[in-house]
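Chemist:
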Amino acid sequence: MTDRPDLSNLPSYRQPRRSVFSARKVALMASVVAGLGAAVYGFSPSTSPADLFSSPAHAQVNNEVRKVERPVGFADIVERVKPSVISVKVNIKEKTASNDDGDDSSSPFQPGSPMERFFRRFGGPDGFPGMKGGRGRVVQGQGSGFFISADGYAVTNNHVVDGADKVEVTTDDGKSYTAKVIGTDQRTDLALIKVEGSSNFPFAKLADSKPRIGDWVLAVGNPFGLGGTVTAGIVSASGRDIGNGPYDDFIQIDAPVNKGNSGGPAFDTNGEVMGVNTAIYSPSGGSVGIAFSIPASTVKSVVAQLKDKGSVSRGWIGVQIQPVTSDIADSLGMKKAEGALVAEPQANGPAAKAGIESGDVITSVNGESVKDARELARTIGGMAPGATVKLNVLHKGQDKVVNLTLGQLPNTVEAKADNDNDSGKGASRGTDVPKLGMTVAPANSVAGAGKEGVVVTQVDPKSAAAERGFKEGDVILEVGGKSVATAGEVRDAINTARTDNKNSVLMRVKSGGQSRFVAVPIAKS
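Under the working numbering, the first residue of the sequence shown carries the number 714, and numbering increases by one thereafter.
Below, the structure is given as structure tokens:
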């Protein structure tokens, strides 16, 4: 055997350190790791540390970890889907641009509405960044879109191409093509365009399943014409109502979606389109990381009709509806605040012909429960005109079934309440209604108020009536389900509700040409 050299005299020599962990300690630690992986495996003193870390128990731990692994980036997905996203540029003649003071007279939202105050379209010629032009000149707008078929059909927002004289798209590889608008749908803010010049465009697939809260989402678009951009976030809510109309059913995505991304897709991690981006929550005008997308299920339904006939036909029953609040439910003797309250059936509409009356609550459609008024609007709107439906209705405290044939939703903008109604001008002072903080007078004694009901002539700004939105000129038609024509009849109806131990009394009120129900709290004594 060869003698080992003596290195102890060398200056740099150090006595070998004992391992911090002895073989026995390593074995014990390894046994703990294995035990955590699967308690059914035992430990043998003869098993080496290396054997433990290749044991079935450890393999099981690794497999479980692999199952919950998540990608650290989205590059592979983006590389696959980005070529399907396009930039959409439009020219619109004779359109009035924004005023110098920032007041956009062409805003598609009602003044003072949540959309006007807090939400912003992020693209298109609607007075936001990306628009060029002036009063009486050609306006240029820009948004985003994406191909849904190889032959050039593409989806974008209605507000991007609405009224466009010329539409031009630029693909991800920088090529430009002309496009024509096949059809638009203002109610869902969707549009279908056809791009000419190729039959082999890269296209995206609309997702078949609904996204779950917490799913990853990638927003791809072309903000400000700078080229394609990608932002990432998560799905934070679904079924959002942002005050844009009766068919609101938006996916909320918490991602910094940029202006100019209107009409752009929101992809899931399978590379499928879960929604079409249409609005951002923007108190300051810039992105705060909250955006709203039209669900893929809605896009499929609307696009299919636009491709077939250039427009969308929706079922219609002809009723003005409102939500059932807890106060209204209490007034009607309902256990739950569910369903859609009929404020007024439209004359000669399917509902009126079938016997549905003001004050009825529609609780289900074809056996499917109706959660609220928006759900009823979406359910009926998703059906074809001419279809027969069965409605379950709560009528004066009794359940009844109504069968009717759907009409076609008129292609007109829904009437809006007029907050400047002045029909109460010139009215007499009227008679006080105790505990409510308002005075009323017979409608037939006030010019322009009609012959039915009582007119509100004065409202105490600190009263329960003011809190519920009553104003001078409103006409109260019913109280507690009974028609009223005098202040005395209003008081009697309130006393009846109090005797029946109701916490509130339901009033049918006509304001600005529209009817609505208002639940007003009443005192017990």
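All C-beta atoms, glycine included, are put in the ideal place defined by N, C-alpha and C.
Given the structure is predicted, the values throughout are model-derived calculations rather than measurements.
Taking buried to mean at least 16 other C-beta atoms within 10 Å of its own C-beta, is residue 1222 buried or exposed?
Modeler: buried
Chemist: Touch check for the region 1197-1208 and the region 1154-1165: three-plus C-beta pairs under 8 Å?
Modeler: Because the criterion of three Cβ pairs below 8 Å is met, the region 1197-1208 and the region 1154-1165 touch.
Chemist: Here's the rule: buried if 16 or more other CB atoms are within 10 angstroms of the residue's CB, otherwise exposed. What is residue 981?
Modeler: Classification for residue 981: buried.
Chemist: What residues match up with residue 1081 in a beta bridge as DSSP calls it?
Modeler: 1078
Chemist: Quick check: the region 1025-1045 against the region 904-923, are there 3 or more CB pairs under 8 Å?
Modeler: no
Chemist: Evaluate the contact criterion for the region 1034-1044 versus the region 1100-1113: three or more CB pairs, one atom per stretch, below 8 Å.
Modeler: No, the region 1034-1044 is not in contact with the region 1100-1113.
Chemist: Residues in the same chain with beta-carbon distance under 6 Å from residue 1191, minus the five sequence neighbours each way, listed in chain order, please.
Modeler: Taken in chain order, the residues that qualify are 1221.
Chemist: Beta carbon of residue 977, beta carbon of residue 857: below 8 Å?
Modeler: yes
Chemist: Is any heavy atom of the ligand GTP found at a distance shorter than 7 Å from the C-beta of residue 934?
Modeler: No copy of the ligand GTP occurs in the structure displayed, which carries no ligand at all.
Chemist: Pull up the CB-CB distance for residue 1153 and residue 1203, whole angstroms please, since I reckon it's below 8 Å.
Modeler: 6 Å
Chemist: Which residue marks the beginning of the alpha helix (DSSP H) containing residue 790, and which one marks its end?
Modeler: Segment 788-794, the alpha helix (DSSP H) holding residue 790.
Chemist: Rounded to a whole number of angstroms, what is the C-alpha to C-alpha distance between residue 1014 and residue 873?
Modeler: 20 Å
Chemist: Applying the criterion that 16 or more other CB atoms from any shown protein chain within 10 Å of the CB defines a buried residue, is residue 877 buried or exposed?
Modeler: buried
Chemist: Please report the Cβ distance between residue 948 and residue 927, rounded to the nearest whole angstrom; I am assuming they are in contact, meaning their Cβ atoms lie under 8 Å.
Modeler: Going by Cβ atoms, the distance from residue 948 to residue 927 rounds to 7 Å, so yes, they are a contact pair.
Chemist: Which runs of the beta strand (DSSP E) at least 3 residues long sit entirely within the region 868-955? Give them in chain order.
Modeler: 879-883, 889-898, 903-908, 929-934, 942-953
Chemist: Do you know offhand how far residue 804's Cα is from residue 909's?
Modeler: 18 Å
Chemist: Among residues of its own chain, excluding the 5 on either side of residue 945, which ones have a beta-carbon nearer than 8 Å to its beta-carbon?
Modeler: 787, 929, 930, 931, 932, 968
Chemist: Going by beta-carbon coordinates alone, are residue 935 and residue 902 separated by less than 8 Å?
Modeler: no
Chemist: Could you name the residues of the same chain whose beta carbon sits closer than 6 Å to that of residue 1062, not counting the 5 residues immediately before and after it, in chain order?
Modeler: 1031
Chemist: For residue 804, list the residues DSSP reports as bridge partners.
Modeler: 853, 879
Chemist: Cβ of residue 880 within 8 Å of Cβ of residue 868?
Modeler: no
Chemist: What do you get for residue 1233, buried or exposed, if any count of 16 or more other CB atoms within 10 angstroms of its CB means buried?
Modeler: buried
Chemist: So which of 790, 1050, 1065 has the shortest CA-CA distance to residue 1057?
Modeler: 1065
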